[in-house]
Structures are given as C-alpha cells and as structure tokens.
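Everything on this sheet refers to the single structure shown next.
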Amino acid sequence: LFSTPIITSNGDGISVFTYCLPTNEFVINKLTMFASARSLLLSRSSGAANALRNTGLRSFATGPSAGGEISDELLQKLGSLSTQALVDGLWVMGWPSSQIDDARPLDPSMTCVGRAVTLRFVPVRPDIAQDKPPGGESPEYEAFEKCGPNEVLVMSSVGKMESVGGDIKFLRLKQLNIGGLVTDGSVRDTNEIKNYGFPCFSYSTTARQGPAAMQPWECNGVVSVSGVTVRPGDAIIGDQDGVVCVPAKVAEKVYNIAHGREVIEGIVKKELTKNPGPPGKFYPFMSGKIKHESPLAKLLASKGITPENSNQFEGTADW
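The sequence shown runs 2 to 320 under the numbering used here.
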C-alpha cells in the first residue's frame, strides 16, 4: 500500500516526508503527528530565543548610574553658594532632602565642591573578600584614579563608626589633588589626613580597621549616603554647615533658584541693617510666590528686581 517516500525541505531545516498515496489513512495520521511535533519544536525554539533576548535586556533594568553632566562653569557657580541656599533651592522645587547629615568637616575651615565619584562598601563576608578584585584592581583604587581637583569621592559606609580609610590609602588622594572626600562612615589617622590638606567630611574619626567590617564593592554606582541618594556626576558641595548633593539633572535650575534667593536675602539684610525692625515685613519668603504688591516686592523693585527679570515672584516660577 505504500510507495517510496519523497523527502523535501521546507526552508526551516526540517525535512518533510510525503507519499504517493496521501489518501491512505495511516499515512495521513503519521503526517499529522509529524506536523504537530514540528510546530511544538518551533514554538519551543522561539520561546528559548525570546528568553535569551530578554535576559540580555535585563542588564538595562537598573537604569543609568549618572543623571546628567555638570560643566566646570556650573560647578564653580554652585560652589559659590552656601549649602543653605542649595538646600532651599531643592526644597522649593519639591525635591527630597539633599543634605548628607552624617558628614561633618574634620576642620571647620574645610569646604569642597566637585562632581561625585561614588564608592559603595558592603558588609564583610569571606566570599566577598575572595571575589573582590585584588590589589590595585580593587573598586576603591579604581574610584581613586577617577578623582582630581573637580571631583569629590563619596564613600557609602556600612556603619557610622566603620573606617573607610586613612593615612596610606589617602596619600594617593593627596597626590591626585582631590577636590574632597565625603562619607557617612569614619576615617582614621586624622592628623595625617588634616596634613594632606584636602577637604574631608565624615561622621567621625576612629581607630578601627575597615576591612574587619566591610569591603569596597562597587565604583560609580548609585549609592545611599545618610539616606541621601547620590549618583556619579552629581554636584557635591560642603562647608562648615554640612554637605549637600545637587542632582546633575536639575543643577542649573537649582543654581538659578538658590542664587536668586541669596540676592534677595542680601537686599533684605541690608535694608534691615539700615532701618532696624522685625524681619517679618520681608522675610521669610517663598521663591516663585512673592506677591507683586507686597512690601518685599516694592523693596526689590527699588533695586531693579521685578517679575520681568526674576523667577522669584508669583506666576514667574519656571520649575
């Protein structure tokens, strides 16, 4: 009842058997079974390919580490403002708290401004110590070499009293003429760090050994420092009142608001010095909401500041 099968290819690399007697019920059943099996095979192959493609895309699931770029000119302008003005600027925009509370200057005279280079520590564990790149390839030394006069190294510690480093390690930061170091942990060899001369802001000082508690694990990722999110490239400004992180994505706008506020506060202070009285007539004020006919608006108008050239008045906010 059967003739010799004819073997052909369908273009997918699958051989297809046909017979001279396609009406034969047995042959038709076999062909139907073969077609079902072929369909299942192709379906599974397609699913596996999609899974591999999706796995490849997962590397982008965390998003980019950096949020933008800050020019040297803008960095200098941000550094000309007080940390209070920058905090106020972010607050006006409705952004979360940006002050790194657990970072205080080793000396009250220290100030810093620079783009963030971040380093994240993780709690010590034997396999972490084994898997971390050794010696000069360690994430902390990778971070060091990215630093210069316009960078601030931001080190995310696992604990306030844990040491992120000291004398020998930080000698390299001095050689690189780093713009500053900020951490929510502690530092050791305090006198030597002060002698190095670069600005250092930390929770405290300690004699503890850092490697006993934590290991450096990631350079230039997004970190949390005292609960404040810091991305690589964000502006870090520090003075005796603390350290502020200005997100790169909104740095220009923060500067415009904060600078405008400082100008107005200077005018108000000068007026109150000249004509002593309660500050409530002019202060405090909310940026973007100064009423046009208020005493403050009239004072500002006398100094050439009006809704036409300032974003501090009602209806002029551009954020």
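Backbone N, C-alpha and C define an ideal beta-carbon position, used for all residues, glycine too. Values in this document were obtained by computation on a predicted structure and should not be read as measured data.
Delimiting residues of the alpha helix (DSSP H) encompassing I258: 252–275
Cβ-based burial, D319 [other Cβ within 10 Å; buried from 16]: exposed
Contact check, V165 vs F122, beta carbons under 8 Å: yes
Whole-angstrom distance between V231 and V183, CA atom to CA atom: 11 Å
Endpoints, the alpha helix (DSSP H) within which G80 is located: 73–80
Whole-number beta carbon distance between I71 and G234, since they are thought to touch under 8 Å: 7 Å
Identified DSSP bridge partners for V247: A236
Close Cβ partners of E193 (< 6 Å) along its chain, the five nearest in sequence each way excluded: D168
Under the three-state DSSP convention, the category K304 falls into: coil
Proximal residues to G239 (C-beta, below 8 Å), its chain only, five neighbours per side dropped: T84, A104, P106, M111, T112, C113, V114, V153, G181, V183, P200, F202, V245
Per-residue DSSP class, three states only, for P127: helix
Unbroken alpha helix (DSSP H) run spanning P140, endpoints: 140–145
Under 8 Å between C-beta atoms of E163 and G186: yes
A213 vs R189 beta-carbon contact at 8 Å: no
Neighbourhood of T191 by C-beta, 6 Å cutoff - its chain only, sequence neighbours within 5 removed: T206
Residue range of the unbroken beta strand (DSSP E) whose run includes V88: Looking at the DSSP string, V88 is not in any beta strand (DSSP E); the run it does join, the alpha helix (DSSP H), is 84–93.
Residue burial classification, R262 (beta-carbon count within 10 angstroms, cutoff 16): buried
Nearest to K290 (by Cα), restricted to the options G64, L297, K161, G316: G316
Runs of beta strand (DSSP E) lying entirely within the region 152–180, each at least 3 residues, in chain order: 152–157
Same chain, Cβ closer than 8 Å to M287, five either side skipped, listed in chain order: V93
Span of the alpha helix (DSSP H), counted from its first residue to its last, around T230: No alpha helix (DSSP H) contains T230, which is instead part of the beta strand (DSSP E) from 229–231.
Assigned secondary structure, T24 (DSSP; H/G/I helix, E/B strand, else coil): For T24, the pLDDT reaches just 48, beneath the cut-off of 50, and the residue's location in the model is therefore unreliable, although a value from the coordinates is still provided. Coil.
Reference K161; option with closest CA among Y204, C148, T119: Y204
Cut-off 7 Å between Cβ atoms - residues of its own chain near K78, not counting five sequence neighbours on either side: Y256
For P65 and R59, the rounded distance between their alpha carbons: Because R59 sits at a pLDDT of 45, beneath the cut-off of 50, its placement in the model cannot be relied upon, and the point is left open.
Straight-line gap, G298 to A259 (C-alpha atoms, nearest Å): According to the sequence shown, residue 298 is Ala rather than Gly. Their backbone Cα atoms lie some 18 Å apart in a straight line.
Distance between P296 and V269 (C-alpha atoms, nearest Å): 11 Å
Cβ neighbour criterion (16 or more within 10 Å) applied to T63: exposed
Candidates G149, G281, A86: closest to A117 by CA position: G149
Nearest to Q216 (by Cα), restricted to the options F171, N196, D128, P308: D128
Alpha-carbon to alpha-carbon, S157 and Q100: 14 Å
Limits of the beta strand (DSSP E) - the one that E219 falls within: 215–220
Three-state secondary structure assigned by DSSP to P106: strand
Contact under 8 Å by Cβ, E146 with L120: no
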